[in-house]
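Protein chains in written order, with this note's numbering: chain A, 1 to 102; chain B, 103 to 204.
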DNA sequence: TTATAATATCAAATAATATTGATATGACGA
DNA sequence: TCGTCATATCAATATTATTTGATATTATAA
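Pasting the structure below:
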């Protein structure tokens, strides 16, 4: 897998995105907070609630996160569930390690 | 040591800075390219030459790199030599690893 | 179908970063 | 000291990213 280290870095550099990633991390395999449904995973509305952000802002950041490969989308019905893609973080780290011979 | 992961990410996210870091990496313990002197390390002028950048631009990016802790300065006479601080990269990686339980 | 809820997109405003050229500072050596 | 070279800083501008509110999609349920 090809990793663009500066691109992943850019995505990680936004505090909100970083916090969203941590949230996804901590909800691995847990129930959605989403009030209306008890499905697996974290959806847009969970993130809006958690951080008090408006919808389009969350949407923007989730696009950054998914298009970088840090997060995977799982659409279910009209919802979209997001799951952290640890593999990308691992590959990013691997890339840094090899670039900087750590 | 305290690592601000989003801050390090921001610094790493600029392609020029990333390339400068790689350059420092690859010149660990080698002679300066600096034409006038054969001292250890990489100085401002080496970076200017290598990437064809003007002085103030290099200065700006080196400040970003040093103030984040990714690079150490070693002033010698009127020159400033820069050395990669692998420790910071390592700590950054460690932080990611612990945040994302890798 | 139609209504509604969730998410996406868009254009405009704002904010943050990067770049440049000019000038300043600081360290030498003559 | 004075002149020169290396680096730093500054103000202006350019570029890029983020935020917002409005509108568009899309899925589903009634």
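Each residue gets a CB set at the ideal place from its N, CA and C atoms; glycine is no exception.
Identify the contact partners of residue i in chain B, using a Cβ-Cβ distance below 8 Å as the criterion.
| i | result |
| --- | --- |
| residue 6(A) | 114, 115, 116, 117 and 120 |
| residue 25(A) | 201, 202 and 203 |
What are the boundary residues of the beta strand (DSSP E) that residue i is part of?
| i | result |
| --- | --- |
| residue 198(B) | From DSSP, residue 198(B) is part of no beta strand (DSSP E) but of the alpha helix (DSSP H) over 188-201. |
| residue 178(B) | 173-178 |
Does residue i have its Cβ less than 8 Å from a Cβ in chain B?
| i | result |
| --- | --- |
| residue 9(A) | yes |
By the criterion of Cβ-Cβ separation under 9 Å, what are the contact partners of residue i in chain A?
| i | result |
| --- | --- |
| residue 124(B) | 99 and 100 |
The alpha helix (DSSP H) with residue i in it runs from where to where?
| i | result |
| --- | --- |
| residue 112(B) | 107-114 |
| residue 165(B) | 157-169 |
| residue 49(A) | 44-51 |
| residue 102(A) | It is not in any alpha helix (DSSP H) - residue 102(A) carries neither H nor E in the DSSP assignment. |
| residue 104(B) | Where residue 104(B) is concerned, there is no enclosing alpha helix (DSSP H), given that its DSSP letter is neither H nor E. |
Keeping to the same chain, check which residues put their C-beta closer than 6 Å to that of residue i; ignore five residues upstream and five downstream.
| i | result |
| --- | --- |
| residue 156(B) | none |
| residue 103(B) | 193 |
| residue 60(A) | none |
| residue 190(B) | 171 and 172 |
| residue 176(B) | 183 |
Could you tell me whether the Cβ of residue i comes closer than 8 Å to any Cβ of chain A?
| i | result |
| --- | --- |
| residue 103(B) | no |
Excluding the 5 residues preceding and the 5 following residue i in the sequence, name in chain order all residues of the same chain whose CB lies nearer than 8 Å to its CB.
| i | result |
| --- | --- |
| residue 167(B) | 113, 119, 122, 123, 173 and 184 |
| residue 7(A) | 68 |
| residue 63(A) | none |
Looking only at its chain, what residues have a beta carbon closer than 7 Å to the beta carbon of residue i, apart from the 5 residues adjacent to it on each side?
| i | result |
| --- | --- |
| residue 36(A) | Caution applies to residue 36(A), whose pLDDT of 37 falls short of 50 and renders its modelled position unreliable; the value that the coordinates give is listed next. Within the same chain, residue 36(A) has no close Cβ partners at all. |
key: Within 9 Å of chain B by C-beta, residues of the stretch 69-101 of chain A in sequence order   = 84, 86, 89, 90, 92, 93, 96, 97, 99, 100 and 101
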